[in-house]
Amino acid sequence: MGTIWIVLIAILALIAGVALGFFIARRYMMSYLKKNPPINEQMLRTLMMQMGQKPSQKKINQMMRAMNNQNK
295 MGTIWIVLIA ILALIAGVAL GFFIARRYMM SYLKKNPPIN EQMLRTLMMQ
345 MGQKPSQKKI NQMMRAMNNQ NK
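Heads up: the sequence shown begins at 295 in the numbering used here, then just goes up one per residue.
In structure tokens:
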């Protein structure tokens, strides 16, 4: 009877640890991506120039706004 309780507590602790670890990792990644966005205006300008387009500031602002709205 005693070993059943020990196994049950161990399983519950494992499940709680996995859930807590997931939420901590998720919060860390969200704050990291907010501080260090994956793409910025300079990277976007370079990308457009490599594709043969002449990037205007209006077009870059529009694409950055679209990307930010998509991430929300």
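Yeah, the Cβ is synthetic: ideal placement off N, Cα and C, and Gly gets one too. Everything numeric in this text was worked out from a predicted model, so none of it was measured.
If you follow the alpha helix (DSSP H) that residue i is in, where does it begin and where does it stop?
i: ASN328; result: This sequence places Lys at residue 328; Asn is not what is there. Where LYS328 is concerned, the enclosing alpha helix (DSSP H) stretches over 296 to 329.
i: GLN336; result: 335 to 344
Rounded to whole angstroms, what's the CA-CA distance from residue i to residue j? Just pull it up for me.
i: ILE298; j: PHE316; result: 27 Å
i: ILE354; j: MET361; result: 11 Å
i: LYS329; j: ILE300; result: 43 Å
i: ILE309; j: GLU335; result: 42 Å
i: MET324; j: ASN363; result: 15 Å
Comparing alpha-carbon positions, which option in the options lies nearest residue i?
i: MET357; options: GLN344, LEU338 and MET345; result: LEU338
For my contact list, residue i and residue j are in at a C-beta cut-off of 8 Å; report their separation, rounded to the angstrom.
i: MET342; j: PRO349; result: 4 Å
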